[in-house]
Amino acid sequence: MPDLGGLVALVTGASAGIGRHLAEGLAARGAAVAGLARGGDRLRAAMAEVAAATGSRTLAVPVDVTDAAAVGAAVAEVTGELGPVGLLVNNAGLVDAAEVPLWDADPDQWWSVVESQVRGPFLLARAVVPGMVSAGGGRVVGLASGMGTRGNPLYSAYSAGKTAQMRITESIDLAGAAHGVRAFDLAPGVVDTAMTRAMPMHAGRTEWTRPADVVDLVVAIAAGELDAWSGRFFRAGADDLDTLRATTPAGDARRLRLVPYGDGDPLG
């Protein structure tokens, strides 16, 4: 079990679901954890529970991750209270309210999903990564999805947002590599949460990704065990952690790319 003592981790969407599991998993291994979420009361209760269960220091900072000024103030509070952030986990995000084609979606709700998946991670990275650069390195994890690697007929906003988030990850990796900053796309699979239970596509599902598998991958990232995968995609519940540790991917493996139509493809 890696010791994360001395690490300051910032997890968005930390009051429930995957974010709550990640906050406790990181704290259990010695990290100080700042949790961000919109609902203040639930977030403060969750962070207090994590502190009581693990003995690690936690901080609850209620914030809308799509509000630039609020995100800047939240990150300043975190660094002031806990110190420079060494691990950022962009977990917060909405999903399409209804399983309908794009042209039947409510425009405001559709756009709010994209904002949560794109503007939120952008603003958090913009506020946190400069501190990582100054410190000589750090790691950013984007909670990805298989829907980000392909289109979806009924979850167009979520699919578009997750695809954009993969480009954010790759951009951080490319620009941050020289400064020791690494970024990863981690798809959690289908964890049993209130959000996934509310999605009609998962009605009747009995097999779920274990939260522990997601936590183990994020802990391995935080410990520097998966740095060879920076800028790339992997999935909890499908990828074996020991195999990831032992593998150095090459070329465009696990990156979002066009597939040539044949040997003569001029864009190949």
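The sequence shown maps to residues 110 to 377 in the numbering used here.
Just so it is clear, CB atoms sit at the ideal spot from N, CA and C, and this is done for glycine as well.
In this structure, DSSP gives P239 a helical state, which the three-state scheme calls helix. For M110, the CB contacts under 7 Å within the same chain, skipping 5 residues up- and downstream, are R138 in chain order.
Of the residues assessed, L203 falls on the buried side of the cut-off, its CB having 16 or more other CB atoms within 10 angstroms. Residue range 177-191 is occupied by the alpha helix (DSSP H) that includes T188, with no beta strand (DSSP E) assigned at that position.
Between T278 and R228, the gap from beta carbon to beta carbon reaches 8 Å or more.
In the three-state scheme derived from DSSP, where H, G and I count as helix and E and B as strand, G251 is classed as strand.
Between L168 and A331 a beta carbon distance of about 17 Å is seen, past the 8 Å cut, so the two are scored as non-contacting. DSSP lists R248 as the bridge partner or partners of R291. Under the three-state reduction of DSSP, V159 is assigned to helix.
Each of A154, D150, A136 was checked against the Cα of R166, and the nearest Cα belongs to A136. Spanning the alpha carbons of R341 and D213 requires a straight line of approximately 33 Å. Boundaries of the alpha helix (DSSP H) around L135: 126-137. For the pair of segments examined, the region 149-159 was found to touch the region 115-129: the number of CB pairs separated by less than 8 Å reaches three.
No Cβ-Cβ contact shorter than 8 Å links G192 with P171.
Under a 10 Å Cβ-count criterion, A143 is classified as buried, with 16 or more other Cβ atoms of the shown protein chains found around its own Cβ.
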